[in-house]
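Shown next, in structure tokens, is the structure this report addresses.
Residue numbers (our numbering), protein chains in the order written: chain A, 788 to 1276; chain B, 788 to 1276.
Written out as structure tokens, the structure reads:
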């Protein structure tokens, strides 16, 4: 009886599932389609690239569809199709690199192959395959070995591959055909047609420049650092009313930089194949971007360690926190502003040294203030010393971050010279902007050191004004910063 | 006159250079050849791989040279050559992944292509190219778009490429030939022959397994960390008689780990295509290796920051240095030993939990001692506090490193369970080895805290013995470690 019930239940369940199947299928399909559309919307260039490949394919298929073209190229037209599929890369640099590599490798390997066939024919019908075999083996092995060399691997890997391919094909098929020259000519010309179609479509239909991508990526990474830096205060000294999840994502933005070296290297490598375009000339200093990216990554390493401290919730005593909060907040805010100015200067390709240096100087002054605050938070007992260690570590890693920001700014300065960044706008506008900027900052300078969180509107009080404008780096004017520090505390 | 002299001088210089040319050319060529040989010796598998490609090429060229084979396959034999050149990858995983992708993609795209040609023929001679064009455009664009999805890009990128290629070729050339089925059959069979030859050569002639490479790479990276950690003491507290350049390279060994993510991901991805081999079964937990590698990299980030401190030469006062040297030395040495034991356990695929845990416990004890040393180095003035900040930072980053080492050990423990590492040898041998080990260590425990660097032979004094053996992590036995601390200071 029980078994019968079971069977019946199973049957009912099966029919139910069968009934639900269409609606479930619909749900799954709708979800998938939505995902795909979202993915396309994320970067519409992906959709455009797919269309471009379709167009290039359609264009070369005319070699088959149009009778006069078919009569002159015959089945060799398929090499054009093969070339289009293989050479079509997302970026112009990728397409050019593959197209040129394929073209030159086919030309040289084709010529060598024809030579090899003629050489082998001297050795009679018996000796021909042996000579050809030896040549194919040795040249194939040598070219394959050459692909391991880093320099060749970086720029000519595909060329070496096509070299082996073409040489083997020409040499081996030369054994069975006498029309080797006609075949070689047809193949070479169709490959050139395919490659040219690809390159033209890639350059003239919504081009995606690897160089521009690298340029934007480096600027974006600097912006990410800036966001992480500016989010840091909120994370380490959370205000009671703020929900910590809000700033969370912002502070973690640096994460993607830790492992972006591979993409940057690839983009820089492809950018070198690209002709001048837009604001970039032919010999744009792409290697400098890699240097900047390296420094940015160095800075991100520091964040990774800092983040461990923020996450560990291993907080120092409140009194100590209060003492260091103000200089740390100023320091990270100003360093963040400097990074934002640097990123903007890269994005707009215009020099903005004055603004960047002003922010860096401000953050260095804050470093001086931080040192003074640390000095003044001399622990009363040995237990206190142990408790402030995490705070001290955090502070000195942040100081290192300010050094990193300075190095980044120097590297961008170098780039701006080599890449002929335009001089910045009207200096009057600039100074007005900086003034406004500092005014905005003044609003956020909270005299928390008094332990008074409620007093938010002190931007009109004169001593804070003096603080922002007259400060110099601590090394040169120790007395001044000491005075300022007394004003704040 | 002067001009004549100049011309004569130039001539003489030219002839001299012409004379020197052969010897210079010889020098350059010798140097190049030496370089190439060195490069080959560096990793002989490169030479073997090149030979393997040559052998595979020679094998498939028999399709042309042997008359009966040529009669059955004809010029389609060139697809076998093409397949061999393109599919031959350095690792077995790479070859399998490309070969299987190529095989399946050709099969499905070929079938679809034949279907498309038959469908198009319903629309008459006028409509045929239009229908074919639409189909090629839309399937080509769709498959190209699919290559952007991370999951497809990671495992089936090559398959999608070959899909577009084969479908376009079959569909387009189907317009001009009636023997499309014969053509498709010949092409598919030669591609299968080429792929099979490649895969067989790759697996049975000196195979290079991506999985084994990943396995070794992770173990080596852990060893590199250990070396950096053990070299750290010599770098930060250099003995006067030691030349600092000696340890330099050792401390920097971690550098390559910072950017090794790309290679690790690729190897793990290829390893999943490989059949069981040697000590690795079919479903070996390759993903766990990536987890371990991530933790190792996290640890390397800490070294990068530490290295900044060592490089900056921003030394703390000598008295403070002397106080923290002993626990820091023990801590880094023991953590290094733990890492070495972990690396060895991975390399030999045998569990060695007891030894690893013993070293980790020792290093944790040293962390406790370090905390005590820090506490006891309570600064006398506020100026002193500022001076010990770099030392404090360095110490607390090192403490984080010990935490990292513990996490690595836990991850490897997980791996050892999943990958069925064999249980370790005879426990008697192990305990004897550990005893010997600790005896060796005792010899290097220098009671520098007394400021007496000359007293090297104190390993027989009982209080140091107690120190090494009886200590527990400080959190549980604060009293004990305090007592020990009194003993030492």
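The beta-carbon is built from N, C-alpha and C at its ideal position, and this holds for glycine as well.
Span separating the alpha-carbon of residue i from that of residue j
i	j	result
residue 852/B	residue 916/A	7 Å
residue 1040/B	residue 1011/B	6 Å
residue 981/A	residue 899/A	22 Å
residue 1160/B	residue 1182/A	21 Å
residue 1075/A	residue 1204/A	11 Å
residue 826/B	residue 820/B	10 Å
residue 1157/B	residue 934/A	51 Å
residue 1188/B	residue 811/B	53 Å
residue 1144/B	residue 1103/B	32 Å
residue 1108/A	residue 1023/A	10 Å
residue 998/A	residue 1052/B	25 Å
residue 1229/A	residue 1061/A	Note that residue 1229/A scores 40 on pLDDT, short of 50, meaning its location in the model is unreliable; the coordinates nonetheless yield the value given after this. Looking at the two C-alpha atoms, the distance is approximately 46 Å.
residue 815/B	residue 807/B	12 Å
residue 946/B	residue 931/B	11 Å
residue 1013/B	residue 1050/B	21 Å
residue 1068/A	residue 1059/A	11 Å
residue 1082/B	residue 1208/B	20 Å
Proximity winner among the options, relative to residue i (alpha-carbon distances)
i	options	result
residue 1278/B	895/B, 986/B, 1117/B and 815/B	Lying before the first or after the last residue shown, residue 1278/B is absent from chain B, which here runs from 788 to 1276.
residue 1092/B	866/A, 1129/A and 1191/A	1191/A
residue 1197/A	1161/A, 1141/A and 1184/A	1141/A
residue 836/B	968/B, 849/B, 854/B and 989/B	989/B
residue 949/A	1001/B, 870/B and 992/B	870/B
residue 1134/A	1068/A, 1078/A, 1023/A and 1008/A	1008/A
residue 1019/A	1119/A, 952/A, 1209/A and 1078/A	1119/A
residue 962/A	907/A, 945/A, 815/A and 947/A	907/A
residue 920/A	903/A, 930/A and 932/A	903/A
residue 862/B	1209/A, 1128/A, 1081/A and 964/A	964/A
residue 859/A	834/A, 973/A, 804/A and 1125/A	973/A
residue 1148/B	1179/B, 1138/B and 1186/B	1186/B
residue 1201/B	1174/B, 1146/B, 1137/B and 1154/B	1137/B
residue 956/A	866/B, 1174/B and 956/B	866/B
residue 1003/B	1132/B, 798/B, 1177/B and 824/B	1132/B
residue 1127/B	1184/B, 1210/B, 953/B and 1015/B	1015/B
residue 876/A	913/A, 912/A, 838/A and 901/A	838/A
Chain-ordered neighbours of residue i on chain A, where CB pairs are closer than 9 Å
i	result
residue 1195/B	Those within 9 Å of residue 1195/B in chain A number zero; the least Cβ separation is about 15 Å.
Whole-Å CB distance - residue i paired with residue j, under 8 Å assumed
i	j	result
residue 918/B	residue 924/B	With 8 Å as the limit, residue 918/B and residue 924/B do not qualify as a contact, their Cβ atoms being about 11 Å apart.
residue 844/B	residue 868/B	7 Å
residue 884/B	residue 1057/B	6 Å
residue 1164/B	residue 1110/B	5 Å
residue 1080/B	residue 992/B	Going by Cβ atoms, the distance from residue 1080/B to residue 992/B rounds to 29 Å, so no, they are not a contact pair.
Closer than 8 Å at the beta carbon, the chain A residues around residue i
i	result
residue 826/B	935 and 936
residue 931/B	836, 837, 840, 841 and 875
residue 1180/B	1179, 1180, 1183 and 1184
residue 1187/B	1092 and 1095
Where residue i meets chain B, residues with beta-carbon distance less than 8 Å
i	result
residue 1004/A	Chain B residues near residue 1004/A: none, gap ~16 Å exceeds 8 Å.
residue 924/A	841, 842, 844 and 845
residue 956/A	865, 868 and 869
Beta-carbon proximity of residue i to residue j, cut-off 8 Å
i	j	result
residue 1017/B	residue 1123/B	yes
residue 893/B	residue 975/B	yes
residue 978/A	residue 889/A	yes
residue 864/B	residue 850/B	yes
residue 1195/B	residue 1115/B	no
residue 1072/A	residue 971/A	no
residue 1000/A	residue 1054/A	yes
residue 1179/A	residue 1176/B	yes
residue 1172/B	residue 1042/A	no
residue 995/B	residue 879/B	yes
residue 1089/B	residue 939/B	no
Beta-carbon neighbours of residue i, restricted to chain A and to distances below 7 Å
i	result
residue 1088/B	1088, 1091 and 1092
Partner residues on chain B for residue i, Cβ-Cβ distance less than 7 Å
i	result
residue 927/A	840, 841 and 844
residue 916/A	852
Under 9 Å from the C-beta of residue i: neighbouring residues of chain B
i	result
residue 859/A	Neighbours of residue 859/A on chain B: none; closest Cβ ~13 Å, over 9 Å.
residue 863/A	Correct list: empty, because the minimum Cβ distance to chain B is about 11 Å.
residue 895/A	Within 9 Å Cβ-Cβ: nothing; residue 895/A doesn't reach chain B, min ~16 Å.
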